[in-house]
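Participant: Residue numbers (the numbering used here): 830 to 1111.
Sharing a structure, written as structure tokens. Questions coming.
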Amino acid sequence: MADLCQEAMDHAVALAKKAGEIVRDALQNEMKIMCKSSSVDLVTKTDQKVEQLIIDSVKEKFPNHGFIGEESVAAGQPCLLTDDPTWIVDPVDGTTNFVHGYPFVAVCIGFAVNKMLEFGVVYSCIEDKMYTARRGKGAFCNGDPLQVSDQKEINQSIIATEFGSSRDPEVVDKIFSNMRKILCLPVHGIRGSGSAAVNMCLVAAGCVEAYYEVGIHCWDVAAAAVIVAEAGGVLVDLEDGPLDLMSRRILAANNETIAARIRREIEVYPLVRDDTPIETKQ
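Okay, here's the thing in structure tokens:
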């Protein structure tokens, strides 16, 4: 398993670099933009091109491995996590950022075996920051080790979150209600890069103390989850228990103290008008 994971991780890093070149090149050209579930849920030709590059390369090198990709699921493929070696990919995390030239766009490649995440690669390609982690081996950015903040006081913390793509008034009200509760704890501030993976890597780097969101998908967080854990952070479900990749809820924090404090404030709400089936298989 160790050799397989290292071989796969080395391949993932090389693919992320190649994908990053495609993203940067595309920023210089006109982009064809389509909508997924709403006018703010975007997909570009670059998302699709990058995912196809990764799929084709993985299938050639590891023909027996499974694959969960954002654009593949959007096109009708099942979001199915099995015990088989599985690549979990978000080709362009932060598509809206990409469309507007906002400089936080990440290629995310996670790898799971027996439903356990083994490594994660997040390449923030406009910043040229390569975040990597392998289970039990530490987390790094461009080769330098990462360590979460040691802050335990919520009123000395910065918290990251996102608004998501839903514009249903009920969902928007819940999002702002939760943000108000967090802001009034009080905290130093609330931030959001526009990329779930980048937000989580900022937790790993010690720049923010926590990130939470309802409505994310496994491809948004799988790769970065390994990076947070290996940098000394904690990953939990916003509602209860440890992180479940398929639950569409996440809280990544620098420690249990901060995580518990945020968890007490957040009201978990049902997703509205969601159209993505989530499955697991033993």
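Beta carbons are placed, not taken as given, at the ideal position from N, Cα and C, and that holds for glycine.
#1: What residue from ASP854, CYS954, PHE891 has the CA that sits closest to CYS834's CA?
#2: For SER953 versus ALA968, is the C-beta distance shorter than 8 Å?
#3: Determine, using beta carbons only, whether VAL918 and ILE938 come nearer to each other than 8 Å.
#4: For GLY1117 versus THR915, is the C-beta spacing smaller than 8 Å?
#5: Please name the residue in PRO907, ASN858, LEU910, MET838 whose C-alpha comes closest to that of ILE883.
#6: Apart from the five residues just before and just after VAL887, which ones in its own chain have a Cβ nearer than 7 Å to its Cβ?
#7: Could you round the C-beta distance between ILE987 and GLU1038 to whole angstroms and report it? I think they count as a contact, below 8 Å.
#8: Is GLU889 closer than 8 Å to ILE1011 when the C-beta atoms are compared?
#9: In the DSSP assignment, find the unbroken beta strand (DSSP E) run with PHE940 in it and report its ends.
#10: In terms of residues, what are the limits of the alpha helix (DSSP H) holding ARG996?
#11: Can you give the Cα-Cα distance for GLY1021 and ILE1004, rounded to whole angstroms?
#12: Using the Cβ count rule (16 or more neighbours within 10 Å means buried), how would you classify ARG853?
#13: With 8 Å set as the bound, which would you pick, yes or no: does the beta-carbon of CYS834 sit closer than that to a beta-carbon of chain C?
#14: Under 8 Å by Cβ, that's how I've got LEU946 and ALA1051 pegged, so tell me the actual separation to the nearest angstrom.
#15: Drop a sphere of 10 angstroms on the beta-carbon of GLY949, count the other beta-carbons inside from all chains shown, and report buried for 16 or more, exposed for fewer.
#16: According to DSSP, is SER953 helix, strand or coil?
#17: How long is the line joining the alpha carbons of ASP876 and GLU900, rounded to whole angstroms?
#18: Label LEU1031 either buried or exposed according to how many other C-beta atoms from any shown protein chain fall within 10 Å of its C-beta, with 16 as the threshold for buried.
#19: Which whole-angstrom value is the C-beta distance of ALA845 and MET959, which I expect to be below 8 Å?
#20: Quick check: the Cα distance between THR1086 and GLN985, rounded to an integer number of angstroms?
#21: Taking the alpha-carbon positions, what's the PHE881 to GLU1068 distance?
Facilitator: Reading it off the structure:
#1: Among ASP854, CYS954, PHE891, the Cα nearest to that of CYS834 belongs to PHE891.
#2: Going by C-beta atoms, SER953 is not nearer than 8 Å to ALA968.
#3: Their beta carbons are under 8 Å apart, which means VAL918 touches ILE938 by this criterion.
#4: There is simply no residue 1117 to check, as the chain begins at 830 and stops at 1111 in what is shown.
#5: Distance from the Cα of ILE883 is smallest, within the candidate group PRO907, ASN858, LEU910, MET838, for MET838.
#6: So the qualifying residues of the chain are HIS894, PHE896, TRP916.
#7: Right, the Cβ-Cβ distance comes to about 6 Å (below 8 Å), so this counts as a contact.
#8: It is not a contact, given that the beta carbons lie outside the stated cut-off.
#9: Counting along the chain, the beta strand (DSSP E) containing PHE940 begins and ends at 935 to 942.
#10: Premise fails: ARG996 is in no alpha helix (DSSP H) and is neither H nor E.
#11: So the alpha carbons of these two residues sit roughly 13 Å apart.
#12: Flag for ARG853 reads exposed.
#13: Although the question refers to chain C, the structure presented lacks it and comprises just one protein chain.
#14: Beta-carbon to beta-carbon, LEU946 and ALA1051 are separated by about 6 Å, close enough to satisfy the 8 Å threshold.
#15: With 16 or more other Cβ atoms within 10 Å, it is buried.
#16: The three-state reading of DSSP puts SER953 in strand, counting E and B together.
#17: Their Cα atoms are separated by approximately 7 Å.
#18: Its Cβ being crowded by 16 or more others within 10 Å, LEU1031 is buried.
#19: The beta-carbon separation of ALA845 and MET959, rounded to 7 Å, stays under the 8 Å limit for a contact.
#20: GLN985 has its alpha-carbon roughly 13 Å from the corresponding atom of THR1086.
#21: According to the sequence shown, residue 881 is Gln rather than Phe. Spanning the two alpha carbons is a distance of roughly 35 Å.
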